[in-house]
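Residues in the sequence shown are numbered consecutively from 1, following full-length UniProt numbering. Just so you know, even glycine gets a beta-carbon here, dropped at the ideal spot from N, CA and C. Every value quoted in this text rests on a predicted model; they were computed, and no experiment measured them.
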Amino acid sequence: MNEKLLSGGFELRLRKAVLLLFSPARNLMLWRRRRSVENRLGALSDHMLKDIAVSRGEIPFVASRDGDWNRFR
Numbered sequence: 001m002n003e004k005l006l007s008g009g010f011e012l013r014l015r016k017a018v019l020l021l022f023s024p025a026r027n028l029m030l031w032r033r034r035r036s037v038e039n040r041l042g043a044l045s046d047h048m049l050k051d052i053a054v055s056r057g058e059i060p061f062v063a064s065r066d067g068d069w070n071r072f073r
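Listed below in structure tokens is the structure:
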């Protein structure tokens, strides 16, 4: 019984360590993606933004949402 608890605790600690290790890389990737979307949307004219129902003030919010941003590439 103790062996199962010890191995389960080790697996949990290992998972947490892996998450902590890769979390900064994931955060950097997400930040770069958001900035890319913000830059691309910011480069559009007001008329084009109106066509996709986004105002300039909403660009950071839209960029921070999870979604398929390939359509803005």
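If you draw a straight line from the alpha carbon of residue i to that of residue j, how long is it in whole angstroms?
i, j, result
"methionine 29", "arginine 15", "20 angstroms"
"aspartate 51", "alanine 17", "45 angstroms"
"leucine 21", "phenylalanine 61", "28 angstroms"
"serine 23", "arginine 65", "18 angstroms"
"alanine 25", "isoleucine 59", "24 angstroms"
"arginine 32", "leucine 19", "19 angstroms"
With the cut-off set at 8 angstroms, would you say residue i and residue j are in Cβ contact?
i, j, result
"arginine 34", "alanine 53", "no"
Take residue i and list the residues in its own chain whose beta-carbon comes closer than 8 angstroms to its own, dropping the five residues that flank it on each side.
i, result
"arginine 56", "Gly42, Asp46, Leu49"
Legend entry - Contact between the stretch 9-17 and the stretch 32-43 (3+ Cβ pairs under 8 angstroms): no
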